[in-house]
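Engineer: Those protein sequence lines, which keep their order, are chains A and B. Heads up, the first sequence is in the numbering used here, so the first residue is 4 and it goes up one at a time. Heads up, the second sequence is in the numbering used here, so the first residue is 19 and it goes up one at a time. Heads up, the beta-carbon is just placed ideally off N, CA and C, and yes, glycines get one too.
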Amino acid sequence: NAGVTQTPKFQVLKTGQSMTLQCAQDMNHEYMSWYRQDPGMGLRLIHYSVGAGITDQGEVPNGYNVSRSTTEDFPLRLLSAAPSQTSVYFCASSPGQGSPEQYFGPGTRLTVT
Amino acid sequence: KQEVTQIPAALSVPEGENLVLNCSFTDSAIYNLQWFRQDPGKGLTSLLLIQSSQREQTSGRLNASLDKSSGRSTLYIAASQPGDSATYLCAASNFGNEKLTFGTGTRLTIIP
């Protein structure tokens, strides 16, 4: 199993551009989440999904969209990038109720100029 | 709203010492608490998960405890090694496993 994979590893955007961060898992996990990590602030939840077709907002959802059309994939879309979205983004998955351990991808480092 | 705190932010200890990392949380109605390790520029690796019904979990030289009444968890590392140098994060879940609230981490340096 590859586990949780994320692409790209690094990305530089100009203010106002849009892009999609990709996340995929091959463990048939029900739950998937997106977090951002900023210095001094820890990881904060952006959006999460408890199964295909079901998504919900986390702590810092503004400026981001998600969808979950398959169990495997959970892309994160930046609609109009802003410098405040410069961060490291992590995708995570977990099997579901009764097996709550979360598995994280390697991260995407995004810089918005 | 759950808040998670980790103090100190950084810790340096000589190789071979036993050490304790601290994690405190404000809402005792947690579902589980998870400890992670993060190496520089890398993702998070799960170390131990403690369910709300448990008081501790062990894996090799690591032991994590959970005291819901006091709002505290500790990660005990025995016989520390330079390879243990990393940032250690704790995270609490109150609503099942789809939402984790993270602490800001403790950066651990083991001095050879």
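Between M62/A and Q88/A, what straight-line distance do the alpha-carbon atoms span, to the nearest angstrom?
Structural biologist: Note that residue 62/A is Glu in the sequence shown here, rather than Met. Taking the straight line from one Cα to the other gives about 14 Å.
Engineer: Which residues, taken in chain order from the segment 98–112 of chain A, show a beta carbon closer than 9 Å to some beta carbon of chain B?
Structural biologist: P98, G99, Q100, S102, P103, E104, Q105, Y106, F107, G108, P109, G110, R112
Engineer: So what's S46/B in DSSP terms, helix, strand or just coil?
Structural biologist: Here S46/B sits in coil by DSSP.
Engineer: Which ranges does the beta strand (DSSP E) cover as unbroken runs of at least 3 residues, wholly within the segment 67–103 of chain A, from first to last along the chain?
Structural biologist: 67–69, 79–81, 90–97
Engineer: So, using beta-carbon positions, are T23/B and S42/B closer together than 8 Å?
Structural biologist: yes
Engineer: What residues from the segment 63–81 of chain A come within 7 Å of chain B, judged by C-beta to C-beta, listed N to C?
Structural biologist: none
Engineer: Classify V115/A: buried if its beta carbon has 16 or more other beta carbons within 10 angstroms, exposed otherwise.
Structural biologist: buried
Engineer: List the residues of chain B whose Cβ lies closer than 7 Å to the Cβ of L24/A, in chain order.
Structural biologist: Residues of chain B passing the Cβ test: none, with the nearest at roughly 14 Å.
Engineer: So, does the CB of M44/A fall closer than 8 Å to a CB anywhere in chain B?
Structural biologist: yes
Engineer: Looking only at C-alpha atoms, which of S98/B, G78/B, Q52/B, A104/B sits nearest to S102/A?
Structural biologist: Q52/B
Engineer: Could you spell out the range, first to last residue, of the beta strand (DSSP E) harbouring S64/B?
Structural biologist: 62–69
Engineer: Tell me the residue span of the beta strand (DSSP E) that contains Q24/B.
Structural biologist: For Q24/B, there is no enclosing beta strand (DSSP E), as DSSP gives it neither H nor E.
Engineer: Which residue's Cα is closest to the Cα of A104/B: N112/B, G89/B, L29/B, S70/B?
Structural biologist: L29/B
Engineer: What residue from S88/B, N81/B, N112/B, A109/B has the CA that sits closest to S98/B's CA?
Structural biologist: N81/B
Engineer: At 9 Å on the CB atoms, spell out the chain A contacts of Q52/B, in chain order.
Structural biologist: P103, E104, Q105
Engineer: By the 10 Å Cβ neighbour count, where 16 or more other Cβ atoms means buried, how is F120/B classified, buried or exposed?
Structural biologist: buried
Engineer: Kindly list, in the order they appear in chain B, the residues whose Cβ is closer than 8 Å to that of G61/A.
Structural biologist: K117
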